[in-house]
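These notes are about the structure you will find just below.
Protein chains: 2
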Amino acid sequence: MKTSAERGREVRRKLLDAAADLIPERGWTAVSTRILAERAGVAPGLVHYHFPSLQALLNEAALDVIGRVVAETGPLLERAETLDDGLEGMLGALDAFTGSDPVSVLFTETYLAAARDEDLRRELTALVTRFRRELAGWLRARGQEAPEETASVLAAALDGMMLHRPLNPELTSAAVAPVLRRLLTRPGGDDRRAGG
Amino acid sequence: MKTSAERGREVRRKLLDAAADLIPERGWTAVSTRILAERAGVAPGLVHYHFPSLQALLNEAALDVIGRVVAETGPLLERAETLDDGLEGMLGALDAFTGSDPVSVLFTETYLAAARDEDLRRELTALVTRFRRELAGWLRARGQEAPEETASVLAAALDGMMLHRPLNPELTSAAVAPVLRRLLTRPGGDDRRAGG
DNA sequence: GATCGACTTGGTCAATCGTCCAAGTAATAG
DNA sequence: CTATTACTTGGACGATTGACCAAGTCGATC
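Residue numbers (the UniProt record's numbering), protein chains in the order written: chain W, 1 to 196; chain V, 1 to 196.
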């Protein structure tokens, strides 16, 4: 038999999970309390018991998912020895995101919602900054020229690819890998393959 | 004295302009017929007289704006002699888009809406494909290696920058220009400045 | 067994939603 | 002057919205 508190946490979690499904499915501003409760399999009134507002629920759900993806990237990078290996690894991870899958769309929906919600923007900026810093540190440790600027461009390019993929069948990892590899260079080095 | 037809076209135009304002402002799914009519300064019933549905109005408004931006890019590229000059020009044009301005947000909102509307997706794909082809043709004419793939990555990177700019103050044209310039190379050439 | 507090239920509230339409205006064609 | 046509008005329709709440359930504590 579960305690009330345990069941409460479970309901909270179910609502957050349902939100993570529904935001990509219907769009941020089209997720309603009732649809949310129905998807989570709980009563409608629970939304405003566990969360101060619908917006607060959506913010927490989105930041949860994005935070999890960011947290997974660090270890993935550390496993790679060279710049080329790291790029390979990131593109491999990107293959899981077709641009139409829920996580890709959730990312973009959250970027947009952040333009209209100051709290969300502040927390999202913190997550994106952490990702960029990790990437820049990894690049610098491997001799990459202008690591901060390269990390900024690389992070933007990866999200841009998620945005374009559903509209551009040519945008496969295999096709873009040779192009993105040109971004990776070492100071003074003339070779375009910096990872060797 | 204006004819009925002239006034009708004017109302249609006012509705499309109001939609182009409101989609970025409130989000695609949060634009309502009444808000739209109020912003356009016309009666609510006119929305469904001039358009079959609210969605059709939003689609047309968004594709109008995006089509206009795409149409402006061709001439801008043609003016540039070298690869470096062209990149410079594109980054200059990108400076008009802070990522928070209405046009930037409208782009992203439309990408997302296209994931949920087949008609919109088809027409948006056509526009993006045209932009990519123009860019690829321009790159090829100036000796760029793998022009199609480079154009795909460049187009995605530019949209990605629009997405990241509000969250990343370091993402200025000046900071990213040297990094993006690495993307431009000629076959067999070892120099990273291909435009000279 | 009584009391407490956390959690849940099912519903109300005013406001807004997309769509549709009957009636009205006014410029044009016969 | 009389249709005819295009455009406009203001409101009606049922459905849905975010927020809120009184009443009820139930395990934990004394």
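Positions of the beta carbon are idealized from the N, C-alpha and C atoms, including for glycine.
* **Neighbour flag for Ser173/W against chain V, beta carbons, 9 Å** => Taking the first sequence and counting its residues from 1, one reaches residue 173/W at position 173. Answer no: the Cβ-Cβ gap between Ser173/W and chain V never drops below 9 Å.
* Asked: Between Gly196/W and Val42/W, what straight-line distance do the alpha-carbon atoms span, to the nearest angstrom?
  -> Here the question's residue 196/W lines up with position 196 in the first sequence. Here the question's residue 42/W lines up with position 42 in the first sequence. Its pLDDT being 38, under 50, Gly196/W is placed unreliably by the model, and the measurement read from it follows with that caveat. Going by the C-alpha atoms only, they are around 55 Å apart.
* Expressed to the nearest angstrom, what Euclidean distance is found between the alpha-carbon atoms of Ala126/W and Thr3/V? -> What you label residue 126/W is simply residue 126 of the first sequence in a count that begins at 1. What you label residue 3/V is simply residue 3 of the second sequence in a count that begins at 1. Each residue's alpha carbon lies about 56 Å from the other.
* In angstroms, rounded to a whole number, what distance separates the CA positions of Pro178/V and Glu25/V? -> Here the question's residue 178/V lines up with position 178 in the second sequence. Here the question's residue 25/V lines up with position 25 in the second sequence. Rounded to the nearest angstrom, the two C-alpha atoms are 33 Å apart.
* Step through the CB atoms of chain V and report whether any lies within less than 9 Å of the CB of His164/W. => For the purposes of this step, residue 164/W is taken as the residue at position 164 of the first sequence. Interface residue, yes.
* Return the chain-ordered list of same chain residues with a C-beta closer than 8 Å to the C-beta of Lys14/W, the five sequence neighbours on each side being excluded. => In the first sequence, residue 14/W corresponds to position 14, counting from 1. Excluding residues within five positions, the ones whose Cβ falls inside 8 Å are Ala40, Gly41 and Val42.
* Asked: Within the 9 Å Cβ cut-off, does Glu72/W reach chain V?
  -> Counted from its first residue, the first sequence places residue 72/W at position 72. No, no contact with chain V.
* Over the uninterrupted alpha helix (DSSP H) stretch that includes Glu148/W, give me the two end residues. => For the purposes of this step, residue 148/W is taken as the residue at position 148 of the first sequence. Counting along the chain, Glu148/W sits inside the alpha helix (DSSP H) bounded by residues Pro147 to His164.
* Burial state of Tyr111/W, where buried means 16 or more other Cβ atoms lie within 10 Å -> Working through the first sequence from its first residue, we reach residue 111/W at position 111. With 16 or more other Cβ atoms from the protein chains shown falling within 10 Å of its own Cβ, Tyr111/W counts as buried.
* Of all the alpha helix (DSSP H) runs that stay within the bounds of the segment 42-88 of chain V, which reach a length of 4 or more residues? -> If we require 4 residues or more, the alpha helix (DSSP H) runs fully inside the segment 42-88 of chain V come out as 47-50 and 54-78.
* Is Arg39/W helix, strand or coil when you go by DSSP? -> Along the first sequence, read from residue 1 onward, the residue named residue 39/W stands at position 39. Correct three-state label for Arg39/W: helix.
* Asked: Are the beta-carbon atoms belonging to Asp21/W and Asn59/W less than 9 Å from one another?
  -> Reading the first sequence from its first residue, position 21 is the one you call residue 21/W. Reading the first sequence from its first residue, position 59 is the one you call residue 59/W. The answer is no: Cβ separation not under 9 Å.
* **Where Phe97/W sits in the DSSP three-state scheme** => The count along the first sequence starts at 1 and reaches residue 97/W at position 97. Shown here, Phe97/W sits in coil according to DSSP, grouped into three states, outside any helix or strand.
* Ala30/V beta carbon less than 9 Å from that of Thr29/W -> Here residue 29/W refers to the residue found at position 29 when the first sequence is read from its first residue. Here residue 30/V refers to the residue found at position 30 when the second sequence is read from its first residue. One thing to note: Thr29/W has its Cβ within 9 Å of the Cβ of Ala30/V.
* Asked: Under a CB-based cut-off of 9 Å, is Leu16/W close to chain V?
  -> Residue 16/W sits at position 16 when you count from the first residue of the first sequence. It does not; no Cβ of chain V falls within 9 Å.
* Asked: Which chain V residues are close to residue 252/W, counting only those with a beta carbon under 9 Å from its beta carbon?
  -> Nothing can be reported for residue 252/W, as the shown portion of chain W is limited to 1 through 196.
* To do: Classify Ser32/W as helix, strand or coil using the three-state DSSP reduction.
  => Here residue 32/W is taken as the residue at index 32 of the first sequence, counted from 1. Three-state DSSP puts Ser32/W in coil, outside helix and strand.
* To do: Return helix, strand or coil for residue 198/W, following the three-state DSSP convention.
  => Residue 198/W falls outside the range modelled here, since chain W spans only 1 to 196, and no answer is possible.
* Starting from Arg140/W, find everything on chain V with Cβ-Cβ shorter than 8 Å and list it in chain order. => Counted from its first residue, the first sequence places residue 140/W at position 140. By Cβ distance, chain V contributes nothing, its closest Cβ being about 14 Å from Arg140/W, past 8 Å.
* Asked: Any contact of the segment 142-160 of chain V with the segment 135-144 of chain W, i.e. 3+ C-beta pairs under 8 Å?
  -> Cβ pair count under 8 Å is below three, so no.
* On the three-state DSSP scale, how would you describe Asp170/V? -> Residue mapping note: residue 170/V aligns to position 170 of the second sequence, counting from 1. Note that residue 170/V corresponds to Glu in the displayed sequence, not to Asp. For Glu170/V, the three-state secondary structure derived from DSSP is coil.
* Asked: Got a sec? Which residues, its chain only, sit under 7 Å from Pro44/W by beta carbon, not counting five neighbours each side?
  -> Reading the first sequence from its first residue, position 44 is the one you call residue 44/W. Cβ-Cβ distances below 7 Å link Pro44/W to Thr33, Arg34 and Ala37 in the same chain, with the five nearest sequence neighbours on each side left out; the list follows chain order.
* To do: Note down, in chain order, every chain V residue with its Cβ under 8 Å from the Cβ of Asp159/W.
  => Position 159 of the first sequence holds residue 159/W. Residues of chain V with a Cβ closer than 8 Å to the Cβ of Asp159/W are, in chain order, Gly160, Leu163 and His164.
* Asked: In three-state DSSP terms, what is Thr3/W?
  -> Position 3 of the first sequence, counted from the first residue, corresponds to residue 3/W. Three-state DSSP puts Thr3/W in coil, outside helix and strand.
* **Given Leu154/W as reference, the closest of Val105/W, Val70/W, Leu87/W and Arg165/W once Cα atoms are compared** => To locate residue 154/W, count along the first sequence from 1; it is residue 154. The shortest CA-to-CA distance from Leu154/W to any of Val105/W, Val70/W, Leu87/W and Arg165/W is the one to Leu87/W.
* Asked: How many angstroms separate the CA atom of Arg68/V from the CA atom of Gly160/W?
  -> Locating residue 68/V in the second sequence gives position 68, where the first residue counts as 1. Locating residue 160/W in the first sequence gives position 160, where the first residue counts as 1. Each residue's alpha carbon lies about 21 Å from the other.
* Asked: Secondary structure at Leu184/W, three-state DSSP: helix, strand or coil?
  -> As a first step, residue 184/W is located in the first sequence; it is residue number 184 there, counting from the start. Collapsing the DSSP output to three states places Leu184/W in coil.
* To do: Could you check which residue in Ser53/W, Ala62/W, Arg7/W and Ala56/W has the C-alpha nearest to that of Ile23/W?
  => For the purposes of this step, residue 23/W is identified with residue 23 of the first sequence, where counting begins at 1. Of the residues Ser53/W, Ala62/W, Arg7/W and Ala56/W, the one whose Cα lies closest to the Cα of Ile23/W is Ala62/W.
* To do: Within its chain, find whatever has a CB closer than 7 Å to the CB of Ala19/W; leave out the 5 residues flanking it on each side and keep chain order.
  => Along the first sequence, read from residue 1 onward, the residue named residue 19/W stands at position 19. Contacts found: Val31, Leu36, Leu57, Leu58 and Ala61.
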